[in-house]
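Visitor: For reference, the structure I am asking about is given below.
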Amino acid sequence: MNYQQKTIALWLTYMTGIIVNIITEFLPLFLGKSIIAPNPERMTVAQVSMNTVMFFSVPITIIILMIISDQKWVRMINLILSALLLFLSIYVLIMDYNEVESKSPNYAPILMLSLMLILSAVNLWIAFKWLKNNNQQTNIS
């Protein structure tokens, strides 16, 4: 993969995550009811949008830094954050799976979290490949 393909792949995984987040969080708020899970915090659209912006602003900033500078420390931060995101996805998936009621199971949150887990794994793989390939190119030069 060349530099531009890696950037596009990282961008696509984050954008897919944002779209999934919008579908699962914003749409129920606009409809006035939750299609996925209850909203015990009674969060407003503004609060949910702020959470989304905060959650995705760091990775997008790192992608922009990689595009602009392509420094090793930026790639390393991306790898670390990608690993943390993967572990967080696993933890949240396990916690939500344990809360599914046996009487009327709602597996929609589990499916959405599984998609986020897959996206996190893909992003970690891309970040690792990017760091590894750039280290090899640096050693050759």
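Count the sequence shown with the numbering used here and you get residues 1247 to 1387, in order. Note that the Cβ used here is the ideal one computed from N, Cα and C, for glycine as well.
(1) Please classify M1261: is it buried, with 16 or more other beta-carbons within 10 angstroms of its beta-carbon, or exposed?
(2) For I1282 and K1318, I'd like the C-alpha separation in whole angstroms.
(3) Roughly how many angstroms separate the alpha carbons of L1370 and I1336, rounded to a whole number?
(4) For V1338, collect the residues of the same chain with a Cβ closer than 7 Å to its Cβ; drop the 5 residues on either side in sequence, then sort them by chain order.
(5) Straight-line CA distance for I1323 to E1345?
(6) Measure how close the beta-carbons of L1357 and T1259 come, nearest whole angstrom, since I'm counting them as under 8 Å.
(7) Grab the span of the alpha helix (DSSP H) containing N1344 for me, first residue to last.
(8) Could you pull out every residue in the same chain whose Cβ sits closer than 7 Å to the Cβ of W1376, ignoring the five residues on either side in sequence?
(9) So, at 6 Å on beta carbons, what are the nonlocal neighbours of L1331 in its own chain, with the 5 sequence-adjacent residues on each side left out?
(10) Can you tell me whether DSSP reads N1248 as helix, strand or coil?
(11) Is the Cβ-Cβ distance between I1340 and L1256 less than 8 Å?
(12) Between F1374 and L1334, which are expected to be in contact by the criterion C-beta below 8 Å, what is the C-beta distance as a whole number of angstroms?
(13) If we define contact as Cβ-Cβ less than 8 Å, is N1379 a contact residue for chain D?
(14) Less than 7 Å between C-beta atoms, sequence neighbours within five positions excluded: which residues of the same chain meet that for V1368?
Guide: Answer, in terms of the structure:
(1) With fewer than 16 Cβ atoms within 10 Å of its Cβ, M1261 is classed as exposed.
(2) Its pLDDT being 48, under 50, I1282 is placed unreliably in this model, and the coordinates cannot settle the point.
(3) Between L1370 and I1336, the C-alpha separation is close to 13 Å.
(4) Contacts found: L1359.
(5) Straight-line Cα distance between these residues: approximately 33 Å.
(6) Not quite, the Cβ-Cβ distance comes to about 18 Å (not below 8 Å), so this is no contact.
(7) Start and end: 1318 to 1345.
(8) Excluding residues within five positions, the ones whose Cβ falls inside 7 Å are K1252, R1321.
(9) If we look at L1331 and ignore the five residues flanking it on each side, its Cβ neighbours are S1366.
(10) Three-state result, N1248: coil.
(11) No, the pair does not count as a contact, with Cβ atoms beyond the cut-off.
(12) Between L1334 and F1374 the Cβ distance is about 17 Å, and since that is not below 8 Å, they are no contact.
(13) This model lacks chain D altogether, as it is built from one protein chain only.
(14) Result list for V1368: T1259, in chain order.
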